[in-house]
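A.B. asks: For the sequence shown, this note's numbering gives the first residue as 516, with consecutive numbering after it. Note that the Cβ used here is the ideal one computed from N, Cα and C, for glycine as well.
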Amino acid sequence: MDKTPENAALVLFSGGQDSATCLAWALSRFERVETLGFDYGQRHAIELECRAALIEGLKQIRPDWEARLGEAHTLAIPTLAEISDTALTRDIAIEMEEGGLPNTFVPGRNLLFLTFAAALGYRRGIRHIVGGMCETDYSGYPDCRDETIKSLNVALNQGMGHAFELHTPLMWRDKAQTWELAHELGGKPLVDLIVQHSHTCYLGERGALHDWGYGCGRCPACELRASGWKRYAATAEG
């Protein structure tokens with residue numbers, strides 16, 4: 516492998532709307548961009564299969580993005596599903612729990628993802644790590660909060676003796692603003708790519724293609740994506 520440039524980034528890339536937008540964001544800012552996805556026994560593992568089409572589409576949108584795209588990584592961490600009893604890792608109904616969190620919350624998921632990303636980044640000489648965490652439009656997941664990410668950033672730097680910088684470009688954007696960001700970065704071609712080839716539905720359904728993309732249309736992830744699209748489309752048309 517060629518020497519990794521200082522201005523390189525590693526993007527947590529699941530194959531969903533948010534991570535696809537974050538990948539385009541990183542490609543617009545960093546000299547080299549690698550991606551990292553996780554197979555943790557999620558019900559919607561089909562999202563991982565969407566990544567190849569998204570990456571190929573990004574290459575077609577801008578030649579400089581193609582030149583900047585580096586290696587794609589996937590880590591299997593089945594232990595996360597083994598210790599989780601959630602609607603994302605079990606075939607159970609999605610519902611709210613007594614504590615106020617939906618049972619789609621996978622405890623420790625983002626903490627593990629970012630820690631593994633930092634370990635991989637350390638080995639590959641990459642200090643910029645990009646994730647799609649957001650606390651504007653979200654279900655209250657504590658590992659999506661800005662203070663959580665900032666605290667973890669400090670812990671990773673201390674624990675690895677490295678100057679990592681965790682970037683969360685969607686932290687203060689709602690879903691409509693995330694669609695707007697995609698348009699700002701790559702215009703209609705990027706928006707269309709995300710609609711057609713990204714995956715968000717918690718149930719892994721890719722039957723009907725809606726205006727906002729594929730999905731069951733009923734789970735929290737689909738409802739959030741659809742409502743954001745509706746607000747974005749109304750603004751774009753106006």
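1) Any idea what DSSP makes of G702, helix, strand or coil?
2) So, with DSSP's three-state summary, where would you put R547?
3) Please give the ranges of any beta strand (DSSP E) in the region 563-608, keeping only runs that are unbroken, at least 3 residues long and fully inside the region.
4) Using 8 angstroms as the cut-off, can you tell me whether the region 670-688 makes contact with the region 713-732, which would need three or more C-beta pairs spanning the two stretches below that distance?
5) For Y729, does the three-state DSSP call read helix, strand or coil?
6) Are there three or more Cβ pairs, one per stretch, closer than 8 angstroms when the region 572-586 is compared with the region 703-711?
7) Tell me the DSSP secondary structure of G552 in three-state form.
8) Our contact map puts L627 next to L595 with C-beta atoms below 8 angstroms; I'd like the distance itself, whole angstroms only.
9) So is S529 buried or exposed if we call it buried at 16+ other beta carbons inside 10 Å?
10) Please classify E586 as buried or exposed, where buried requires at least 16 other C-beta atoms within 10 Å of its C-beta.
11) Checking 8 angstroms against the spacing of the C-beta atoms, do K690 and D652 come in under that value?
C.D. replies: Let's see:
1) For G702, the secondary structure class from DSSP, reduced to helix, strand or coil, is helix.
2) If DSSP states are grouped into helix, strand and coil, R547 belongs with the strands.
3) Here the runs fully enclosed are 584-591.
4) Segment contact: the region 670-688 against the region 713-732, fewer than three CB-CB distances shorter than 8 angstroms; contact not assigned.
5) When secondary structure is reduced to three states using DSSP, Y729 falls in the strand class.
6) Because the criterion of three Cβ pairs below 8 angstroms is met, the region 572-586 and the region 703-711 touch.
7) Here G552 sits in strand by DSSP.
8) Right, the Cβ-Cβ distance comes to about 6 angstroms (below 8 angstroms), so this counts as a contact.
9) Classification for S529: buried.
10) Residue burial annotation: E586 is exposed, with fewer than 16 other C-beta atoms found within 10 angstroms of its C-beta.
11) With contacts defined as CB atoms closer than 8 angstroms, K690 and D652 qualify as a contacting pair.
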